[in-house]
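For reference, the structure discussed in these notes is given below.
Protein chains: 2
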Amino acid sequence: MQTMLLAGLVLVLGVMAAAGAEPVDLIVTRGYVVTMNATRQIYPDGAVVIRNGHLIAVGPSAVANGYAAAKVIDAAGDIVMPGMINTHTHASMTVFRGLGDDVPDRLQRFIFPLEHKLVDREVVYWGALYGMVEMLEGGVTTMADMYYFEDEVARGAQKIGMRGVLGETVLNQPAPDAKEPYGGMEYARRFIREFRGDALVTPAFAPHAPYTVDAAHLRVIQKEADALDVPILMHVAEMPDEVTRTRKEFDKTPIEYLDSIGLLTKRLVAAHCIFSSDSDIALLKARDVGVAHNMVSNIKSAKGVAPAWAMFNQGVRVGVGTDGPMSGNTLDIIGQLGYVAKVQKLWNHDRNIMPAVDVVEMATMGGARALHMEDRIGSLETGKLADLIVLDRNDTTMTPFYDVYSTLVYAASAHDVRTTVIQGRVVMEDRKIRTVDVGEVREHMRALSGKIAASVAQGIQ
Amino acid sequence: MQTMLLAGLVLVLGVMAAAGAEPVDLIVTRGYVVTMNATRQIYPDGAVVIRNGHLIAVGPSAVANGYAAAKVIDAAGDIVMPGMINTHTHASMTVFRGLGDDVPDRLQRFIFPLEHKLVDREVVYWGALYGMVEMLEGGVTTMADMYYFEDEVARGAQKIGMRGVLGETVLNQPAPDAKEPYGGMEYARRFIREFRGDALVTPAFAPHAPYTVDAAHLRVIQKEADALDVPILMHVAEMPDEVTRTRKEFDKTPIEYLDSIGLLTKRLVAAHCIFSSDSDIALLKARDVGVAHNMVSNIKSAKGVAPAWAMFNQGVRVGVGTDGPMSGNTLDIIGQLGYVAKVQKLWNHDRNIMPAVDVVEMATMGGARALHMEDRIGSLETGKLADLIVLDRNDTTMTPFYDVYSTLVYAASAHDVRTTVIQGRVVMEDRKIRTVDVGEVREHMRALSGKIAASVAQGIQ
């Protein structure tokens, strides 16, 4: 039936082309189009028209009249919306997903020893690619990722066709990809030189955290990031110890400390910011810093709840992140939406705050703002890059359909995403990833996780 | 491939039958069998054998040797485990799902007026059946439900083949199925007479709450429930107002008040119990009361977090519930597991509590205990009723697979359930519900929700 409709449409468009219609690459039509533009416009029977990776028309389905597309996706009955933006992850850590959950002191007992023993180029590449398969399947079109051998993540992103702000980790101790403390500096420089200007990959510095990178190195990173015009990704105000330490050493909050050494700028994407006071929030706003709110990871570790609702209301650039899959286990953003809505209500003792529509904004335009890419992604608007997703409304939980935002936040799941388009390219269609051989990626993941399980069984040393 | 294997197995079993093998109804074999028995035994290559709705063998796959089954399910690579138990819901309210989310005073503005205007036998039947489709698809095999026209829910449960403890609501105001205050009493008596002794349906009294049913009526309900040997379902310690009121009127907590009038017994399944002190918990334990922990519903309404971890540790009969879909939006239990684990950690400021294995126990054996049915359901053990589910492990988030409980709680979703068996009957196979025409149920749901949307658009009066 759908095939017949498609065939019919292709025919109609072919006739129009013959009559002098304007050629384009892709049309997604007859969908329930949620734009997430400034007025939160919705077209219940809408279309988007794509050429050269950009949206050239967004509106009622009639907006596609006069265009002849190489490919037409009939989204009748489906939701069409901007791709989700994952503002903080470590995708390669899929190889460790589910290891050491609910175990005390997992960072020292599992994560660091496992990383030192096992993380190499192969683990980073296949782990990241596996994570990207999960993200595309779940409707994530852009990720901010920080890890080691980040050039391998970049190669994976290019291969699968996913957008990424990718940061090479710098820290004051030996790392899987750098034997010397701060060896990541030189690695990061090479990585940034290699990928700067790429259409999908934005390379970045990723100083690990205020407590693992000293002020001198942070200043150098800021200076070089300014010169190269690249972002800085960092864990900020995440750890109780970090708060105690900056209070003791500098009599400041972590955010005040970073400001005092010049790190709070529009380049920074600060992950977590759990421990943010009202004046910290004002600072993040004044300095135009991006914030990644990782609700699931933060509550699973019982650290607390970042004041993301206050940040959002005060105009801070706050988006949603999953954190790595050893912290939050899954990498899709739709699965985070319900947590953000419900736990913010709980934490603030108010069922009326953090309404669904604002959660969807945080996950789309909010993420774009956090990455300082709101002029290019985050909403379906003419002139923007064509990063979008199509969600099936046939799943049982998607009916009734009284309010699309409520449905997305409280009832939808990553499994409802049918089609994912990044920069005009259909990277997943009808749940089939079209850019990589998923079977091959899985085989690599199974082999790697088998090795890891054996290593853990023998005792990690 | 699977068909070939199945054909092969059927052949082998046929040969065995010819050689005098014992005939049974169903074998589920070659699965990763999670029993949830007292020692939490797992058979990585296991089987269960079913006859007359009961498990007659559970163990390594070889345990099925010597049996010839009318049907064999090859669960190679899948997880086989007890069905999930939803200890508190109002399934018919699927018709209202997503209405009035994030709106102040929704109970008075939406729920009560909508129920008064719109709830009739048709809404209850089709709404409940739609909710049961969602539950079977999500691996729920038993529900505790309370609503109006509960006989319609019971007829739906019989039709679709789902197990239920179903309570007819009694309260001190006119209701959709009873014009007079407390008219539910007589309705409940008729309902209980009609369904007592049914193989799937356990009829029950459902006094709405301590603040909507007075002590005199509660005492009558207790007396009649004792005489008829049926359960009592009630909302308990859910509302801040309820706590204030029982303190003011009786100088007691809601739980102490119920104890003072003789309602705390092994018949009671108390939903919510958010506001439970340490001594309340001790009372619930001493009186052998069942508790339904509805995490998602409770945090979405910002009411607070029930001390379910403390209850679990102190041996209270505590299970997991979804509440109605106007409160928690979805009805599957797998989607609750992550919330229970993570929010209990957050609320108790301890990442090591409420480990995944205990969450899975709460959702299976815990639910069985809450309903006082632990001798019949909740685990895969010889002699118990054959209520079980098969989960596909091919979903991207299900790899790696280091720990089955971590995978189930932190990474799995309702969509991973492939097959649902209730009392030995395959009610869903390969995600296809086999007992009702899902298309027909959906058409009814769409028609009803269309009517409701029109009614809301005109203003509910």
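Chain order of the listed sequences is A and B. If you read the first sequence in my numbering, its first letter stands for residue 1, the second for the next number, and so on. If you read the second sequence in my numbering, its first letter stands for residue 1001, the second for the next number, and so on. Where is the CB? At the ideal position from N, CA and C, for every residue including glycine.
Ranked by how close their Cα comes to the Cα of residue 269(A), the residues 208(A), 327(A), 278(A) and 177(A) have 208(A) in first place. Sequence-distant Cβ neighbours of residue 134(A) in its own chain, meaning closer than 6 angstroms and more than five residues away, are 331. Around the C-beta of residue 1394(B), fewer than 16 other C-beta atoms lie within 10 Å, and the residue is accordingly described as exposed. With the criterion set as a beta carbon lying under 8 angstroms from some beta carbon of chain B, the region 22 to 52 of chain A has no members that meet it.
In this chain, the beta strand (DSSP E) harbouring residue 44(A) covers 42 to 51. In this structure the region 56 to 75 of chain A does not lie against the region 101 to 111 of chain A, because fewer than three pairs of beta carbons, one per stretch, are closer than 8 angstroms.
Buried is the label assigned to residue 1082(B), since at least 16 other Cβ atoms lie within 10 Å of its Cβ.
For residue 1348(B), no alpha helix (DSSP H) run applies, since DSSP gives it neither H nor E.
Residues of the region 83 to 98 of chain A whose Cβ lies closer than 8 angstroms to any Cβ of chain B, in chain order: 94, 95, 96, 97 and 98.
With contacts defined as CB atoms closer than 8 angstroms, residue 1026(B) and residue 1056(B) fail to qualify as a contacting pair. At least one C-beta of chain A is nearer than 8 angstroms to the C-beta of residue 1407(B).
The C-beta of residue 1334(B) comes no closer than 8 angstroms to any C-beta of chain A.
Interface annotation, residue 1102(B): in contact with chain A, CB-CB separation under 8 angstroms. With 16 or more other Cβ atoms inside 10 Å of its own Cβ, residue 275(A) counts as buried.
Using a CB distance cut-off of 8 angstroms, residue 1415(B) counts as an interface residue toward chain A. Residue 333(A) places its beta carbon less than 8 angstroms from that of residue 320(A).
About 7 angstroms separates the beta carbons of residue 283(A) and residue 256(A), which is inside the 8 angstroms limit, making them a contact pair. Around the beta carbon of residue 1112(B), a 10 Å sphere encloses fewer than 16 other beta carbons of the protein chains shown; the residue is thus reported as exposed. DSSP links residue 1059(B) through a beta bridge to 1047(B). Interface flag for residue 1134(B) against chain A is set, since a Cβ pair is found closer than 8 angstroms. Residue 211(A) sits in coil when the DSSP states are folded into three classes, being neither helix nor strand. One Cα belongs to residue 1129(B), the other to residue 1158(B), and the distance between them is close to 10 angstroms. In terms of CA proximity to residue 1314(B), 1290(B) leads the group 1384(B), 1290(B) and 1086(B). If you draw a 10 Å sphere on the C-beta of residue 451(A), you find fewer than 16 other C-beta atoms in it, and that means exposed. Residue 365(A) and residue 143(A) have their C-alpha atoms some 13 angstroms from each other. Among the residues of the region 442 to 454 of chain A, those with a Cβ less than 9 angstroms away from any Cβ of chain B are 442, 445, 446, 448, 449, 450, 452 and 453, in the order of the chain. Secondary-structure assignment with DSSP links residue 1205(B) through a beta bridge to 1168(B) and 1232(B). Taking C-beta atoms as the reference points, residue 1378(B) and residue 1368(B) count as a pair closer than 8 angstroms. When CB distances to chain A are screened at a threshold of 7 angstroms, the residues of the region 1334 to 1356 of chain B falling below it are 1342, 1343, 1345, 1346, 1349, 1350, 1351, 1352, 1355 and 1356, in chain order.
Residue 341(A) has its alpha-carbon roughly 7 angstroms from the corresponding atom of residue 355(A). Residue 329(A) reaches chain B at 1410 and 1411, counting residues in chain order whose Cβ is nearer than 7 angstroms. Contacts with chain B at 8 angstroms (Cβ-Cβ) include residue 300(A). For residue 360(A), the CB contacts under 6 angstroms within the same chain, skipping 5 residues up- and downstream, are 405 and 408 in chain order. Put simply, the CB of residue 402(A) is near chain B, with a gap under 8 angstroms to one of its CB atoms. Interface annotation for the region 383 to 400 of chain A against chain B: 396, 397, 399 and 400, criterion Cβ-Cβ distance under 7 angstroms. Residue 1407(B): not part of any alpha helix (DSSP H); DSSP gives it neither H nor E.
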